[in-house]
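Numbering (this note's numbering), first residue to last: 83 to 174. Think of the CB as a built atom: it goes at the ideal place given N, C-alpha and C, for glycine as much as any other residue. Worksheet for the structure shown next.
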Amino acid sequence: MTAPTDISLWSVNPCARLAGCLDEFVDGRLDRAIEALALAHMERCPPCRVMARHALRYRETMRRVGDASVAPADFVQRLRFALRRGVEPPPA
Ligand SMILES: [Zn+2]
Numbered sequence: 083m084t085a086p087t088d089i090s091l092w093s094v095n096p097c098a099r100l101a102g103c104l105d106e107f108v109d110g111r112l113d114r115a116i117e118a119l120a121l122a123h124m125e126r127c128p129p130c131r132v133m134a135r136h137a138l139r140y141r142e143t144m145r146r147v148g149d150a151s152v153a154p155a156d157f158v159q160r161l162r163f164a165l166r167r168g169v170e171p172p173p174a
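Next comes the structure, spelled out in structure tokens:
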């Protein structure tokens, strides 16, 4: 079985890896090493940033209706930071 936490696979197809563990990722439940790979990949891959942003927004909506666990605050901070980096200009 291919676990999304297999680090070696991230160098082969990082987009598929990120998609495969997006739920765990936005919940802050990923292994720290994997989380770092995901964040680093997102910073240089616009499609994955968009994907993560949508997933995060969805999670926050679910949280508001009380249907999802709350991700660790420090992780959410790292994720938001990664989402702001990359090709897009920072919000004015
Ligand atoms: Zn990607």
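Item	Value
Closer than 7 Å: His123 CB and nearest ligand 1 heavy atom	yes
beta-carbon Leu100 near ligand 1 non-hydrogen atom, thresh 7 Å	yes
Endpoints, alpha helix (DSSP H) assigned at Pro154	Counting along the chain, Pro154 falls outside any alpha helix (DSSP H), and DSSP gives it neither H nor E.
8 Å Cβ cutoff met for Met133 and Leu104	yes
For Ala98 and Leu121, the rounded distance between their alpha carbons	14 Å
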